[in-house]
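A short write-up of the structure that comes next.
In this note's numbering, the protein residues as written are 1 to 464.
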């Protein structure tokens, strides 16, 4: 199955690269859909596969190693993509992604060979794993999931609403906060006005340095049509003036234009610095994930470690939004450590809060719910930003709200686990029995059935 899914991922990346090469948005969109179908489903298959190969005392470490390799890929993407795009083009960066997808496909070929050989040589292993469902997922299976699963699912949706959508805007947010800040004085914000001459060849002595502040905007009218660099000479310099979002520094007409060349050069340098800063959290996750997994396998305490990670996320977003004197590196360290402990403690719990035959369906449902959050939250972030035009503090409020909600559900899971005899807190986890009706592990359908049975018994007693 993973072979087919990795082939779909490769196909999706090829379509995206072709769409970018031919500058067709709809081809790019189709490619992203194909890529998402393959990539997210492959993650489900991969998680189920690892559950079959590792028991509860090894699973967190195994997922940690997997996370380490995945995050190293994220770091390479954050580091290399801007460099390749600047030196060559955005299309070139996407074609490099195609090469990496080919490498992924070859790894899946090797994995399939290893797994097939293991089934032949170690037939007892297959028999041991027969309790893990390999049948196609059924939508009605989710009725049998425990309440603990649903709390973990909500925690995942809300927690990664503070991670994925945050990463989407982190570069721009960091530039606004630390690397390309708008000067406070209006005299320092635009060429030809205040402290500056028309061409802005150097920073005025009375204005703040660049970086961390932005280069002054050009004195060009917002009504001009810039198709080539020479068009800037024919552009009017009367209000309304062009704003930052109207300058496309990826286009040579702006990047090489007389009035915008220096602005684009300074902004590109700031963007590279912000992109490099973004790699801090994935790097921390990459190096700490196996260690966190090993620690959790050794001591347990999964709900409480996850709760600590969620609190770290709240602190990180408070620092980003309201403590500009603290460098952005430190909240990113908190986010990295928090994400590492959260994923290492919660994701391995999934096979043990549902019946063994529903493990594949549970991973699929968890991934689906998380992606729904990752699809909706960016729309909310975009609407907030469009309304205010600022990431700080308005957009930060959104992430802080989700982080606080994660803490609330973390407390709920901890309380449920205590009431359920510390099942998820133990070092060794046991599979969930088919009929468990305790507070933490009763399924939504079985709990309802139990209540209905109690009502029927009461009616029979009344009849007697």
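Yeah, the Cβ is synthetic: ideal placement off N, Cα and C, and Gly gets one too.
Could you check which residue in the options has the C-alpha nearest to that of residue i?
i	options	result
residue 156	420, 368, 422, 414	368
residue 99	14, 253, 39	14
residue 381	409, 172, 357	172
residue 419	303, 394, 387	303
residue 475	144, 226, 154	A question about residue 475 goes unanswered here, because the residues of the chain that appear run from 1 up to 464.
residue 313	230, 351, 301, 406	406
residue 187	174, 75, 429, 205	205
residue 237	164, 198, 63	198
residue 145	402, 387, 359	359
residue 174	243, 261, 271	271
residue 341	61, 226, 375, 208	61
residue 81	262, 104, 278	278
residue 74	113, 343, 97	97
residue 28	95, 43, 76	95
residue 72	399, 242, 235, 289	289
residue 260	377, 275, 357, 242	242
residue 299	106, 427, 36	427
residue 34	12, 24, 43, 23	12
residue 249	235, 226, 239	226
residue 378	343, 324, 163	163
residue 356	25, 116, 430, 113	430
residue 166	402, 305, 31, 424	402
residue 305	414, 113, 23, 37	414
residue 425	114, 228, 301, 102	301
residue 370	159, 30, 264	159
Identify, in the order they occur along the chain, each residue of the same chain with its Cβ nearer than 6 Å to the Cβ of residue i, setting aside the five sequence neighbours on each side.
i	result
residue 336	281, 284, 285
residue 373	157, 161
residue 332	280, 281
residue 21	91
residue 338	309, 312, 313
residue 185	none
residue 108	2, 3, 6
Would residue i and residue j qualify as a contact pair, given that the criterion is a beta-carbon distance under 8 Å?
i	j	result
residue 366	residue 151	no
residue 297	residue 58	yes
residue 353	residue 148	yes
residue 351	residue 51	yes
residue 328	residue 178	yes
residue 334	residue 410	no
residue 239	residue 207	no
residue 465	residue 258	Absent from the structure is residue 465, since the part of the chain shown begins at 1 and ends at 464.
residue 253	residue 228	yes
residue 262	residue 224	no
Identify every residue that forms a DSSP beta bridge with residue i.
i	result
residue 241	221
residue 190	217
residue 181	213
Only counting the same chain, and skipping five residues up and downstream in sequence, which positions put a Cβ closer than 7 Å to that of residue i?
i	result
residue 396	317, 320, 321
residue 169	381, 391, 395
residue 86	268
residue 39	9
residue 124	Because the pLDDT of residue 124 is 44, which lies under 50, any placement of that residue in the model is unreliable, and the number read from its coordinates should be weighed accordingly. Answer for residue 124: no residue qualifies.
residue 181	212, 213, 214
residue 246	222
residue 84	92, 93, 96
residue 105	6, 7, 10
residue 445	Bear in mind that the predicted position of residue 445 carries a pLDDT of just 48, short of 50, making it too unreliable to give a figure here.
residue 412	151
residue 54	62
residue 404	314
residue 515	The first residue shown for the chain is 1 and the last is 464, placing residue 515 beyond what the model contains.
residue 388	394
Cutting at 8 Å between CB atoms, please list the residues of its own chain near residue i, excluding the five before and the five after it.
i	result
residue 122	Residue placement at residue 122 is flagged as unreliable, the pLDDT there being 49, under the threshold of 50; a coordinate-derived value is accordingly withheld.
residue 393	321, 322
residue 78	275, 276, 278, 279, 282
Counting pairs of Cβ atoms below 8 Å between the region 209-226 and the region 181-195, do you hit three or more?
yes
Do the region 90-109 and the region 8-23 touch if we need at least three Cβ pairs shorter than 8 Å?
Output reads yes: the region 8-23 touches the region 90-109.
Under 8 Å: do the region 287-297 and the region 60-70 share three or more Cβ pairs, one atom per stretch?
yes
Can you find at least 3 beta carbon pairs, one from the region 47-56 and one from the region 344-361, that sit closer than 8 Å?
yes
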